[in-house]
Amino acid sequence: MKTIAETAFQRLSQGTPLVLAKITAQQGATPRSAGTQMVVTTEEEPVGTIGGGLVEATIIEQSRRLLSGGAARFERFDLGHADVASMDMICGGDLEILLDPIFPSPEIVDLFDGWRQMENQGHRGVFVIALQRSAERVDRIYHALLYGDGRVKGHLPLTAPAVASLAQTGQSAKAMQIVFVEDHHVILEPIHKPKTAFVVGAGHVAQPTARMLAMVGFRVVVLDDREAFANRRRFPDVHTVQVLLDLNDPFNGMSVDAQSFIVILTRGHLYDMAVLAKALETDAGYIGMIGSRRKRDAIFQRLRKDGFTEAALQRVHSPIGLNIGAESPAEIAVSIVAEMIAENCKLNFQECQRP
Numbered sequence: 001m002k003t004i005a006e007t008a009f010q011r012l013s014q015g016t017p018l019v020l021a022k023i024t025a026q027q028g029a030t031p032r033s034a035g036t037q038m039v040v041t042t043e044e045e046p047v048g049t050i051g052g053g054l055v056e057a058t059i060i061e062q063s064r065r066l067l068s069g070g071a072a073r074f075e076r077f078d079l080g081h082a083d084v085a086s087m088d089m090i091c092g093g094d095l096e097i098l099l100d101p102i103f104p105s106p107e108i109v110d111l112f113d114g115w116r117q118m119e120n121q122g123h124r125g126v127f128v129i130a131l132q133r134s135a136e137r138v139d140r141i142y143h144a145l146l147y148g149d150g151r152v153k154g155h156l157p158l159t160a161p162a163v164a165s166l167a168q169t170g171q172s173a174k175a176m177q178i179v180f181v182e183d184h185h186v187i188l189e190p191i192h193k194p195k196t197a198f199v200v201g202a203g204h205v206a207q208p209t210a211r212m213l214a215m216v217g218f219r220v221v222v223l224d225d226r227e228a229f230a231n232r233r234r235f236p237d238v239h240t241v242q243v244l245l246d247l248n249d250p251f252n253g254m255s256v257d258a259q260s261f262i263v264i265l266t267r268g269h270l271y272d273m274a275v276l277a278k279a280l281e282t283d284a285g286y287i288g289m290i291g292s293r294r295k296r297d298a299i300f301q302r303l304r305k306d307g308f309t310e311a312a313l314q315r316v317h318s319p320i321g322l323n324i325g326a327e328s329p330a331e332i333a334v335s336i337v338a339e340m341i342a343e344n345c346k347l348n349f350q351e352c353q354r355p
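Letter 327 of the sequence shown, counting from 1, is numbered 327 in our numbering, and no numbers are missing.
Pasting the structure below:
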């Protein structure tokens with residue numbers, strides 16, 4: 001699944017105008033949180049979601065009207081009163097959504113290309129929307145990128161000290177923030193490298209697991225030493241499929257950091273143990289290995305003899321996945337992906353329970 005930045009760049013580089021619809025404020029229980037966004041064009045299916053239901057359908061309709069001629073604006077939804085009956089939504093909270101029509105130009109395409117590249121390369125930065133508003137109406141709106149080294153791409157009608165302060169605030173943030181600076185409402189969207197899931201082993205469980213991981217926003221890398229299994233025909237939805245010389249050093253040349261997830265689904269115990277040993281040498285935030293408790297215990301005992309500590313082994317989720325009684329490959333994939341979503345929430349210090 002493409003990110004918002006990748007999708008927007010692709011559409012704009014093809015000459016297609018779009019609306020970036022972003023939840024800028026929420027109170028109480030709502031379908032999605034502030035910072036959630038989607039890309040809407042006239043013809044293509046929207047990419048991303050702001051919660052589904054009739055709220056999203058209304059936003060899509062209004063966005064397409066703006067593409068026919070209209071300025072950026074805010075839309076508000078009260079899901080706790082009259083809107084509930086008419087929209088069949090009983091969340092009970094309030095939403096404010098910015099509809100930001102963006103039309104292709106060389107400068108805009110270059111801006112979104114910069115956003116896409118910063119995201120893919122894991123560079124620190126901030127995507128900025130600065131605007132002046134009168135209630136729901138947006139009078140002026142500007143877009144820019146703030147790079148980690150202080151560079152600015154695009155135009156912001158702000159003083160240099162204000163821009164420097166915004167860069168510092170945005171880069172230290174874990175989620176979208178809105179600040180008021182020099183008569184402008186400024187939306188700061190910190191740019192993060194997409195969370196990467198390394199799926200080692202391209203067998204029957206890996207297929208639905210990789211597909212679901214891509215669906216929920218992971219950048220999926222599938223690794224195996226068998227070309228007959230590790231190929232685009234079997235894994236059309238993932239970012240990378242790589243055939244290895246062998247499984248004894250699967251992460252050689254890979255960028256595995258604290259935001260990375262490793263899923264071990266190889267075809268045998270010895271391969272699992274070899275991959276797990278290498279995984280434990282990385283800084284991966286999540287390591288999961290398929291198999292029974294008996295298999296896990298046998299592998300752990302061997303790794304202890306090889307010098308791995310109890311603290312290292314405690315990093316491993318095995319048997320992998322939530323205990324939901326899964327049996328089929330698709331059911332096992334659901335359990336794995338659900339566990340990874342929960343662990344990702346913990347890694348990023350997010351509130352993991354809906355209000």
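Here a beta-carbon is modelled for each residue, glycine too, at the ideal position from N, C-alpha and C. The structure presented is a predicted model; accordingly, all values stated were derived computationally and were not measured.
Assigned secondary structure, M289 (DSSP; H/G/I helix, E/B strand, else coil): What you label residue 289 is simply residue 289 of the sequence shown in a count that begins at 1. Residue state, collapsed to three classes: strand.
Reference Y271, options I287, D249 and P236, closest by Cα: Here residue 271 is taken as the residue at index 271 of the sequence shown, counted from 1. Of the candidates I287, D249 and P236, the one whose C-alpha sits nearest the C-alpha of Y271 is D249.
Alpha-carbon spacing of G148 relative to A167, whole angstroms: Numbered from 1 along the sequence shown, position 148 holds the residue referred to as residue 148. Numbered from 1 along the sequence shown, position 167 holds the residue referred to as residue 167. G148 and A167: Cα-Cα distance of roughly 8 Å.
Buried/exposed call for E61, threshold 16 Cβ in 10 Å: For the purposes of this step, residue 61 is taken as residue 61 along the sequence shown, with counting starting at 1. Exposed is the call here.
Nonlocal neighbours in the same chain, by C-beta distance under 8 Å from D110, ignoring five residues either side: Within the sequence shown, the letter at position 110 stands for residue 110. For D110, where only same-chain residues beyond five positions count, the Cβ hits under 8 Å are K153.
Stretch-stretch touch, CB-based, cutoff 8 Å, three pairs: the segment 166-180 with the segment 224-238: no
D83 to L95 span [Cα, whole Å]: On the sequence shown, position 83 is the one that residue 83 refers to. On the sequence shown, position 95 is the one that residue 95 refers to. The predicted position of D83 is uncertain, since its pLDDT is 47 and thus under 50; a value taken from the coordinates is nonetheless stated next. C-alpha separation (whole angstroms): 11 Å.
C-alpha distance - I324 paired with A338, whole-angstrom precision: Along the sequence shown, one-based indexing puts residue 324 at 324. Along the sequence shown, one-based indexing puts residue 338 at 338. About 10 Å.
I341 beta carbon less than 7 Å from that of I320: Taking the first residue of the sequence shown as position 1, residue 320 is located at position 320. Taking the first residue of the sequence shown as position 1, residue 341 is located at position 341. No, the Cβ-Cβ distance between I320 and I341 is not below 7 Å.
Where F218 falls, given that 16 or more other Cβ within 10 Å makes a residue buried: Locating residue 218 in the sequence shown gives position 218, where the first residue counts as 1. So F218 counts as buried.
Cβ contact check for the segment 134-148 and the segment 32-45: 3 or more pairs under 8 Å: no
Buried or exposed by the 16-neighbour rule on C-beta atoms within 10 Å, applied to A279: For the purposes of this step, residue 279 is identified with residue 279 of the sequence shown, where counting begins at 1. The residue in question, A279, is buried, as its Cβ has 16 or more Cβ neighbours within 10 Å.
Delimiting residues of the beta strand (DSSP E) encompassing V186: Your numbering for residue 186 matches position 186 in the sequence shown. Its beta strand (DSSP E) spans residues H184 to I191.
Cβ-based neighbour list, I332, same chain, cut-off 7 Å, excluding 5 preceding and 5 following: If you number the sequence shown from 1, residue 332 lands on position 332. The residues are V205, G321 and A326.
C-beta contact flag for M254 and I191 at 7 Å: Counted from its first residue, the sequence shown places residue 254 at position 254. Counted from its first residue, the sequence shown places residue 191 at position 191. No.
For G203 and I264, believed in contact at Cβ under 8 Å, the rounded distance: Residue numbering aside, residue 264 sits at position 264 when the sequence shown is read from its first letter. Residue numbering aside, residue 203 sits at position 203 when the sequence shown is read from its first letter. No, I264 and G203 are not in contact; Cβ-Cβ is about 11 Å, not under 8 Å.
Euclidean distance between Cα positions of M38 and F112: Counted from its first residue, the sequence shown places residue 38 at position 38. Counted from its first residue, the sequence shown places residue 112 at position 112. Rounded to whole angstroms, M38 to F112 spans 15 Å at the Cα level.
Those residues which DSSP pairs with F180 across a bridge: Here the question's residue 180 lines up with position 180 in the sequence shown. Bridge partners of F180: H185.
At least three beta-carbon pairs within less than 8 Å, the segment 310-320 to the segment 286-298: yes
Unbroken beta strand (DSSP E) run spanning I102, endpoints: Counted from its first residue, the sequence shown places residue 102 at position 102. That run of the beta strand (DSSP E) goes D94 to I102.
Nearest-angstrom Cα separation, counted from T58 out to H155: For this step, residue 155 is matched to residue 155 along the sequence shown. For this step, residue 58 is matched to residue 58 along the sequence shown. In a straight line, the C-alpha of H155 is about 31 Å away from that of T58.
Residue span of the beta strand (DSSP E) that contains S360, given as start and end: The chain is shown only over 1 to 355; residue 360 falls outside these bounds and no answer can be derived.
Proximity below 7 Å, CB of V186 to CB of P101: Taking the sequence shown and counting its residues from 1, the one referred to as residue 186 is at position 186. Taking the sequence shown and counting its residues from 1, the one referred to as residue 101 is at position 101. No, Cβ-Cβ distance for V186 and P101 is not below 7 Å.
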